[in-house]
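Heads up, the sequence shown is in the working numbering, so the first residue is 17 and it goes up one at a time. One structure is given here, and the rest of the page talks about it.
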Amino acid sequence: MTKCTDPVVLDLWHPIGAIAEAVPGIAQQTVLLEERISFEVGTDGSPIVWRSRPDMQRADQITAAERLPAKNAYGYVWTSLGAPPAELFPIPEYAEPDRRRLNAATFGVNVSAPRAIENFLDMGHFPYVHTDILGAEPHTEVKEYDVEISVDRDEILATRCRFFQPMASTASDGGADVDYVYRVPHPYCSVLYKSSPVDESRRDVIAIFLQPVDQEHVRAHMLLCVLDENSEDKVIKRFQQTIFGQDKPILENQVPKRLPLDPRAETPIRADKSAIAYRRWLSQKGVTYGVIPAAA
């Protein structure tokens with residue numbers, strides 16, 4: 017029996033594991049929306065996903081009728097417990113051959129997926145949580161930026177975001193004002209585009225794909241799609257791991273762990289413009305899983 021009853025969330029694609037970290041032909045188990053599921057990746061990267069059962073330990077034991085929807089996208093296995101759309105949201109930069117495409121890490125976090133997305137969108141904490149990396153005093157002001165909820169693309173877009181960063185990436189050689197663009201194309205996923213220190217005409221891409229284990233626990237899959245010819249994979253990964261390691265205790269101390277959607281529940285400030293739009297968007301979509309819905 018499906019534990020999650022939110023039809024919007026059930027019909028979404030959800031990430032459940034990094035392809036690069038899967039051993040072909042070996043089944044893995046995980047939890048999605050309070051259900052234990054298994055998946056196996058073939059030698060060609062194609063995944064098979066099914067609801068875990070003691071008598072079904074391998075993909076070759078699974079009939080077509082027993083399979084869950086499955087997709088290989090952006091380096092991860094995605095699945096759904098409902099009827100997902102044919103395609104996932106686009107990240108065209110992922111196909112550019114000169115980019116480094118890595119799973120920085122997958123982190124278990126004791127917080128709801130919407131709380132984690134809201135934190136990802138928040139620039140105001142950079143100088144205080146990511147001191148001397150993504151921010152530093154006295155450069156604490158979040159300058160005015162634009163946010164729109166696009167009906168056509170069914171996503172949130174924040175543009176003209178700009179913040180001084182002492183060390184924006186492993187390819188940086190000093191502090192600089194960094195341009196940001198945020199997309200939220202999925203209730204539990206966000207994509208960040210930030211100035212590339214390697215090529216000023218292009219942007220690095222960092223995405224957070226959240227796997228809701230239950231309403232107050234997630235696995236956060238961190239995609240890096242960056243321009244960096246010099247740094248080793250482990251160095252690029254470690255930089256993002258450091259950033260998320262600083263965020264994790266902040267996230268886990270959030271009270272309540274589920275995101276309140278009532279605009280009066282938490283005092284908004286200008287820096288929270290993206291968060292306000294995100295909460296409104298979730299309400300408009302009818303999302304109830306991982307949130308505290310606004311009173312009718």
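Glycine is no exception: its CB is placed at the ideal position from the N, C-alpha and C atoms. From a predicted model like this one, the values you see are computed outputs, not experimental measurements.
query: Simplified DSSP assignment, three categories, for residue 105; result: coil
query: CB contact flag (residue 42, residue 84, <8 Å); result: no
query: Coil, strand or helix - residue 185 by DSSP; result: Reliability fails at residue 185, whose pLDDT of 47 lies under 50, so the model's placement of it is uncertain and the value that follows must be treated cautiously. Note: residue 185 maps to coil in three-state DSSP.
query: Contacts around residue 35, its chain only, beta-carbon distance under 7 Å, and the 5 residues preceding and following it disregarded; result: 57, 61, 88, 91, 92, 93
query: Residue 195 CB to nearest heavy atom of the ligand SAH below 7 Å; result: The ligand SAH is absent from the structure shown, which contains no ligand whatsoever.
query: Distance CB(residue 178)-CB(residue 162) smaller than 8 Å; result: no
query: Inter-residue spacing [alpha-carbon to alpha-carbon] between residue 69 and residue 51; result: 11 Å
query: Rounded straight-line distance, which links the Cα of residue 131 to that of residue 266; result: 11 Å
query: Three-pair Cβ contact test at 8 Å for the segment 123–137 versus the segment 93–104; result: no
query: Residue 113 versus residue 242: straight-line alpha-carbon distance, rounded; result: 11 Å
query: C-beta atoms of residue 293 and residue 172 nearer than 8 Å; result: yes
query: Best match in 66, 230, 67, 170 for proximity to residue 296 [C-alpha to C-alpha]; result: 170
query: Buried versus exposed call for residue 144 [16 or more other C-beta atoms within 10 Å across all chains shown]; result: The pLDDT assigned to residue 144 is 44, lower than 50, so where the model puts this residue is not dependable, and the model offers no usable value.
query: Buried or exposed (CB count within 10 angstroms, at least 16 for buried), residue 33; result: buried
query: First through last residue of the alpha helix (DSSP H) which encompasses residue 265; result: 249–268
query: Sequence-distant residues of the same chain with beta carbon closer than 7 Å to residue 277, five excluded per side; result: 295, 298, 299, 307, 308, 309, 310
query: Short Cβ contact (8 Å threshold) for residue 225 with residue 237; result: yes
query: With 16 other Cβ atoms within 10 Å as the buried cut-off, status of residue 77; result: exposed
query: Straight-line gap, residue 151 to residue 259 (C-alpha atoms, nearest Å); result: Caution applies to residue 151, whose pLDDT of 49 falls short of 50 and renders its modelled position unreliable; the value that the coordinates give is listed next. Straight-line Cα distance between these residues: approximately 11 Å.
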